[in-house]
Amino acid sequence: MIPAALRRGTALGAVVLSLLTVPAHATTESTAPSAAPASTLPRPDLAGLREVLRTAQRQGAPGAMARIDDGDSVLSAAVGVADRATGRALADADRFRVGSISKTFTAVVLLQLADEGKLDLDASVDRYLPGLLPDRRITVRHVLSHRSGLYDYTNDMFAQTVPGFEAVRTKVFTYRELVDRSLRHAPTGQPGGAYSYSNTNFVVAGMLVEKLTGRPVATAYRDRIFTPLKLRDTFYVHPDTALPGRHARGYLTPDAPGAALVDATRQTVSWAQSAGAIISSTRDLNTFYSALLRGKLTSATRLRQMRSWVPAGTAQAYGLGLRRRDLSCGVSVYGHTGAVQGYYSYAFTSADGRRSLAALADTSNNGAVHTTMLRTLESAFCGAPAKARRDAVTERPEDAAVTGHR
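For what it's worth, this note's numbering labels the leading residue of the sequence shown as 446, then goes sequentially.
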């Protein structure tokens, strides 16, 4: 658990914890676009938000929804269905698989362990997991910022979307088996080099959590995040295949155009684990990211380190398990996106954590839907209809389930 002094945000954390060096090619928050507080943001555009969701539905998502928590106000919208067989409407209460949003949860646990003096972010992974990786230059910080050079094993695993998924749907992997799949390939870069997204990094991060706590990641998530924040809809059930309680079913889009959607709801997600197996809701995701950016989960020092950025594609950057997206209105928001078979998810908050958006489309492997759903951020934080903003850039959904259809 977080020491009481750090939870209260007292000066003790600043005395005990030393600032670590920011990589030379990283950008700090002061050089990023506007970190505007929620109080200065335009009002959310609910009509524009609904149109984004309807567009995603027209593009092939059975359903789509979004929730904005803005101070004491809650705005939500949903279209389509949570279950194609029954026709039940998708609603804000539905739980879903969040994919790579799980990476932020994993990073938070490691940053808490750093706060407690149990982890040095700039130490070699080999110090804690001897012999796991072939290059002792790879540090914990490299892993959390996707700068380790470790190959992403999911590139091979899901080269063919539906066959790849069906081959692992019910499998249970060990962490080491997943790392070994990565190590069959040459590194993609040098440790500490450019950002290169790899699920392998957060498999290693999960191994670090379990080694340093002596407990499963499920226990660390529950005791350090889920329970303190009262996240009633958030679970880590691996290797169980079912989502508890009311939930949206997830539908995987096959590679062949026009092929029938595949219900991918029941799966172990063992191929991802600490890189992408958490289940949550829009309410809980907003609560989590708001708490994180408001300094309720780590010391101020660790949060600053989490927000030391390296370039990570068009209008975005990556910190330690945290994405920064730079919107067309000049505002930056902080969170993560997720893709796991059947689900695209999005969760971001303002710099002060007061306005948060979480959104879901209950399909995946559909690049048009992914790009469209990113426009929910514009409606939530920029206030003007998305069509009035700059043209959307089609993005490859790299988070978690990387699949053949783009």
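All residues carry an ideal CB built from backbone N, CA and C; glycine is no exception. Treat the numbers as computed from the prediction; the structure is a model and nothing was measured.
From residue i to residue j, what distance separates their C-alpha atoms?
i, j, result
"Ala612", "Ala804", "29 angstroms"
"Thr794", "Ser735", "6 angstroms"
"Ala760", "Asn811", "21 angstroms"
"Thr817", "Leu556", "33 angstroms"
"Arg488", "Ser569", "46 angstroms"
"Thr852", "Leu535", "Outside the shown range of the chain, which is 446 to 851, sits residue 852, and nothing can be said about it."
"Asp708", "Tyr642", "27 angstroms"
"Val654", "Gly634", "25 angstroms"
"Thr658", "Arg691", "32 angstroms"
"Leu498", "Ala492", "10 angstroms"
"Ser547", "Ala762", "18 angstroms"
"Lys656", "Thr664", "13 angstroms"
"Tyr788", "Thr686", "15 angstroms"
"His815", "Leu767", "19 angstroms"
"Thr698", "Tyr681", "25 angstroms"
"Tyr779", "Ser753", "12 angstroms"
"Leu765", "Arg747", "10 angstroms"
"Thr476", "Gln750", "Confidence at Thr476 is low in this model, with a pLDDT of 47, below 50, so the placement of that residue should be treated as unreliable; the coordinate-derived value is given next. Each residue's Cα considered, the two are about 14 angstroms apart."
"Phe826", "Arg669", "29 angstroms"
"Ala705", "Gly516", "41 angstroms"
"Cys774", "Asp514", "20 angstroms"
"Gly562", "Val662", "19 angstroms"
"Ser719", "Ser518", "32 angstroms"
"Arg660", "Val543", "23 angstroms"
"Tyr598", "Ser545", "15 angstroms"
"Ala813", "Gln504", "7 angstroms"
"Leu520", "Thr531", "26 angstroms"
"Pro575", "Arg728", "40 angstroms"
Please tell me whether residue i and residue j are closer than 8 angstroms, where the distance is taken between their beta carbons.
i, j, result
"Gly721", "Val714", "yes"
"Asp866", "Ala506", "Beyond the ends of the chain as shown, which are 446 and 851, falls residue 866; an answer cannot be given."
"Asn646", "Leu730", "no"
"Arg694", "Asp537", "no"
"Asp880", "Thr551", "Coverage of the chain is limited to positions 446 through 851, which leaves residue 880 absent and any answer about it impossible."
"Ala784", "Ser809", "yes"
"Ala501", "Tyr640", "no"
"Tyr666", "Val648", "no"
"Leu819", "Tyr791", "yes"
"Thr485", "His781", "no"
"Leu822", "Arg769", "no"
My understanding is that residue i touches residue j, with C-beta atoms under 8 angstroms, so please give their C-beta distance in whole angstroms.
i, j, result
"Gln712", "Arg614", "5 angstroms"
"Gly525", "Ala509", "6 angstroms"
"Ser590", "Val776", "With 8 angstroms as the limit, Ser590 and Val776 do not qualify as a contact, their Cβ atoms being about 23 angstroms apart."
"Ser744", "Asp560", "5 angstroms"
What does a CB cutoff of less than 7 angstroms around residue i pick up in its chain, not counting 5 residues either side in sequence?
i, result
"His587", "Ser593, Pro636, Gly637"
"Thr732", "Leu674, Leu676"
"Val617", "Pro684, Thr713, Ser715"
"Arg581", "Ser569, Asp571"
"Asp490", "Ser824, Gly828, Ala829, Pro830"
"Phe671", "Thr679"
"Ala522", "Leu491, Leu494, Arg495, Leu498, Met510, Ala511"
Between residue i and the rest of its own chain, which residues show a CB-CB distance below 8 angstroms, the 5 nearest in sequence each way excluded?
i, result
"Pro579", "Leu628"
"Arg533", "Val526, Ala527"
"Leu564", "Leu555, Leu558, Tyr573, Val585, Leu653, Leu657"
"Ala631", "Tyr596"
"Leu577", "Val570, Asp571, Arg621, Val624, Val649, Met652"
"Leu738", "Leu748, Tyr779, Thr794, Ser795, Ala796, Asp797, Gly798"
Tell me which residues share the same chain as residue i and place their Cβ nearer than 6 angstroms to its Cβ, disregarding the 5 neighbours each side in the sequence.
i, result
"Leu688", "Arg540, Ile724"
"Leu742", "Val553, Ala736"
"Gly609", "Met602, Phe603"
"Val607", "Pro699, Val707"
Check whether the Cβ of residue i sits closer than 7 angstroms to any heavy atom of the ligand SAH, and report yes or no.
i, result
"Asp490", "Annotation note on the ligand SAH: not contained in the displayed structure, which lists no ligands."
Inset, instruction - Return the chain-ordered ranges of every beta strand (DSSP E) run that is complete within the stretch 500-539 and spans a minimum of 3 residues. - result: Listed in chain order, the beta strand (DSSP E) runs fully inside the stretch 500-539 are 508-515, 518-525, counting runs of at least 3 residues.
Inset, instruction - Could I get the ranges of all uninterrupted alpha helix (DSSP H) runs contained in the stretch 551-613, with 4 residues as the minimum, in chain order? - result: You should have 570-573, 585-589, 599-602, 606-613.
Legend entry - Completely contained beta strand (DSSP E) runs for the stretch 765-837, where each covers 3 or more residues: Every beta strand (DSSP E) stretch that sits fully inside the stretch 765-837 and reaches 3 residues is listed by chain position as 768-771, 777-785, 788-794, 800-806.
Inset, instruction - Run through the stretch 718-772 for me and flag every whole alpha helix (DSSP H) of 4 or more residues, listed as ranges in chain order. - result: Runs of the alpha helix (DSSP H) lying entirely within the stretch 718-772 and spanning at least 4 residues, in chain order: 727-738, 745-751.
Legend entry - Segments assigned alpha helix (DSSP H), at least 4 residues, entirely inside the stretch 611-658: Counting whole runs of 4 or more residues, the stretch 611-658 contains the alpha helix (DSSP H) stretches 620-628, 644-658.
Inset, instruction - At 4 residues or longer, and completely inside the stretch 657-721: list those alpha helix (DSSP H) runs for me, N to C. - result: Within the stretch 657-721, the complete alpha helix (DSSP H) runs of at least 4 residues are 662-666.
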